[in-house]
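Trainee:
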Amino acid sequence: MNNILDVVPSEHRVLIMDELTRRNPDLLAELRTVQKPTNDQSDAVVDALSHALSANYGPGHVPNDYGLAVERAIDAYLEAWPIYR
Numbered sequence: 001m002n003n004i005l006d007v008v009p010s011e012h013r014v015l016i017m018d019e020l021t022r023r024n025p026d027l028l029a030e031l032r033t034v035q036k037p038t039n040d041q042s043d044a045v046v047d048a049l050s051h052a053l054s055a056n057y058g059p060g061h062v063p064n065d066y067g068l069a070v071e072r073a074i075d076a077y078l079e080a081w082p083i084y085r
């Protein structure tokens with residue numbers, strides 16, 4: 001395993017990397033150098049993806065196709081790296 005994103009399935013990893021490139025490139029750079037995320041890093045990933053999800057709501061506050069993909073990416077990230085408090 002090279003970094004924490006390697007354990008996320010590829011279709012979700014690509015979306016996460018694209019969104020972090022757009023929304024938080026410094027975080028993406030950090031994630032590429034660690035093997036286990038801190039809670040703060042995971043919170044920042046979920047926060048960035050949540051903004052992407054919110055930006056892709058359609059009528060009735062229902063996510064469009066891309067929003068659903070973002071939602072699945074959040075789930076995949078949290079399955080790989082649960083946040084324990």
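Position 44, counted from 1, in the sequence shown is what UniProt numbering calls 44; the numbers after and before it change by one each time, with no gaps.
Where a beta carbon is used, it is the ideal one built from N, C-alpha and C, also for glycine.
#1: Between which two residues does the alpha helix (DSSP H) holding Leu49 run?
#2: Given a threshold of 16 other Cβ atoms within 10 Å of its Cβ, counted over all protein chains shown, does Val34 qualify as buried or as exposed?
#3: Can you check DSSP and say which residues form a bridge with Pro63?
#4: Can you tell me whether Ser42 is buried or exposed, with buried defined as 16 or more other CB within 10 angstroms of its CB?
#5: Output yes or no for whether 8 Å exceeds the beta carbon distance between Ala73 and Ile16.
Mentor: A quick look at the data gives this:
#1: On the sequence shown, position 49 is the one that residue 49 refers to. Start and end: 39–54.
#2: Numbered from 1 along the sequence shown, position 34 holds the residue referred to as residue 34. Val34 comes out exposed.
#3: Taking the sequence shown and counting its residues from 1, one reaches residue 63 at position 63. Paired residues: Tyr57.
#4: One-based indexing of the sequence shown puts residue 42 at position 42. Buried, by the Cβ-count rule.
#5: Taking the first residue of the sequence shown as 1, we reach residue 73 at position 73. Taking the first residue of the sequence shown as 1, we reach residue 16 at position 16. Yes; because the gap between Cβ atoms is below 8 Å, this pair is in contact.
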